[in-house]
Amino acid sequence: MTVESKVWRYKFHVVMKNFTRLCESKPVVTVDGKFPGPTLYAREDDRVVVRVVNNVSYNITIHWHGIRQLRTGWSDGPAYVTQCPIQTGESYLYKFNITGQRGTLFWHAHITWLRASVHGAIVILPKHGVPYPFPKPNHEKIIILGEWWKSDVNDVMNQWVQTGLPPNVSDAHTINGFPGPVPNCSTSKGYTLHVEAGKTYLLRIINAALNEDLFFKIAKHRFTVVEVDACYVKPFETDTIYIAPGQTTNALLTADQGSGKYLMAISPFMDTIVA
C-alpha cells in the first residue's frame, strides 16, 4: 500500500484594514485584509506549514482550533502557553500534521480578543479516493458566524478586566462578516447565500463568536447534520442548528423550496429573561 501526503504551505500577513459595518467604519486587525480570514485547506494525513507575519502594533498568535497537535505542541498557538507572542515586525512558522481528522475546524488569534476579527475556516478533505459517508453534495459553502463591535474589542476587554463587570455584548451578530439589514443604512444588506433549485449543499458552519452559543436557521428549510468538530456523526435532520463558540458543524441543505428569498438568521442562546 502506498500512502501519499502533501505539504500545504500558507503565509498569513496580519494587517489593519478599515471595514464599514452598521454604517460606521473602523480599523480592525485581519489576516490578509479579510474578515473573515482566508480558508486553510488540507487533506487527512497531509502536513500544513503556515508562516504568520505580524504587521500590526498588537502582539499576535494563531491557534488551530481542534487540530490534534501530536508531537507538534509548539505549533498549537496559545500565547504564553506554547509560544511567546509574535511581536510587531516578526514572524513565526507553524508546522503540524493532519492525523485522523476530516471535516471542518477553524483557526483564530489566541491573545486578548483579537479573535473577534482574526479567524477563518480550516477545511480538511478526506484522503484521495475516500468518499464522504453521506450523499455527495453538489456544492460546498462555508458559513462563519461571528460578532461585530462598533468600538475597539480590546477596549471592551480592558474595561471588563478593570471593572470586573461582564463585558459589553456585541452590537451585531454576523454571517461571513456581515450583520443583517439595518434600517436607514443602505450599506448594511447582510450576507446572501445563492443556491440553485434542486441542488444539495454541504454547509460548513463555524461559530467564531467570542462567548455566545448561537442558533442558526434558514426559513422553510431543513438540515441534515453529518459531522461535528471534524468527526462524522450518524446523520439526523433538524430545522435549527445549535452551535457553541469554537464548535463546527457540517450540514446538508437541499434547495427544495420554490424560487424566492428565504431569511437566514442567527440568534444567541439566553437562559435568563432580558427586561
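Just so we're aligned, residue 868 is where the sequence shown starts under this note's numbering, counting upward by one. In this text, a Cβ means the ideal position worked out from N, Cα and C, and glycines have one as well.
Look up W974 in the DSSP assignment and give the residues it is bridged to.
The residue you call residue 974 lines up with position 107 of the sequence shown. According to DSSP, which records beta bridges pairwise, W974 is partnered with W931, G987.
Exercise. Under the rule that 16 or more other beta-carbon atoms within 10 Å means buried, what is H995, buried or exposed?
Worked result: The sequence position of residue 995 within the sequence shown is 128, counting from 1. With fewer than 16 other Cβ atoms within 10 Å, it is exposed.
- Task: Could you spell out where the beta strand (DSSP E) holding T1054 opens and where it closes?
- Result: Here residue 1054 refers to the residue found at position 187 of the sequence shown. Under the DSSP assignment, T1054 falls outside any beta strand (DSSP E); it carries neither an H nor an E label.
Practice problem: Go through its chain and collect everything with a Cβ distance to K823's Cβ below 6 Å, but skip five positions before and after it. | Solution: The requested residue 823 is not part of the displayed model; the chain covers only 868 to 1142.
- request: Quick one: using the 10 Å Cβ neighbour count with 16 as the cut-off for buried, is Y1109 buried or exposed?
  value: Taking the sequence shown and counting its residues from 1, the one referred to as residue 1109 is at position 242. Taking every protein chain shown into account, the CB of Y1109 has fewer than 16 other CB atoms within 10 angstroms, so this residue is exposed.
For this session: Check G1013 in the structure and name its three-state DSSP category.
Result: Mapped onto the sequence shown, residue 1013 falls at position 146. Note: G1013 maps to strand in three-state DSSP.
- Query: What's the call for S1037, buried or exposed, on a 16-neighbour Cβ count within 10 Å?
  - Reply: What you label residue 1037 is simply residue 170 of the sequence shown in a count that begins at 1. Within a 10 Å sphere around the beta-carbon of S1037 sit 16 or more other beta-carbons, which makes this residue buried.
State the DSSP-derived secondary structure class of L981, mapped to helix, strand or coil. Against the sequence shown, residue 981 aligns to sequence position 114. Three-state DSSP puts L981 in a helix.
Fill in: C-alpha distance - Y877 paired with R918, whole-angstrom precision
As a working note, residue 877 is residue 10 in the sequence shown. As a working note, residue 918 is residue 51 in the sequence shown. Going by the C-alpha atoms only, they are around 6 Å apart.
Checklist line | Bridge-paired residues (DSSP) for K878 | finding: Your numbering for residue 878 matches position 11 in the sequence shown. Bridge pairing for K878: R918 [DSSP].
**Request:** Evaluate contact between the region 1120-1130 and the region 1051-1066, counting only Cβ atoms and requiring at least three cross-stretch pairs below 8 Å.
**Result:** Proximity of the region 1120-1130 to the region 1051-1066 meets the contact definition, three or more beta-carbon pairs being nearer than 8 Å.
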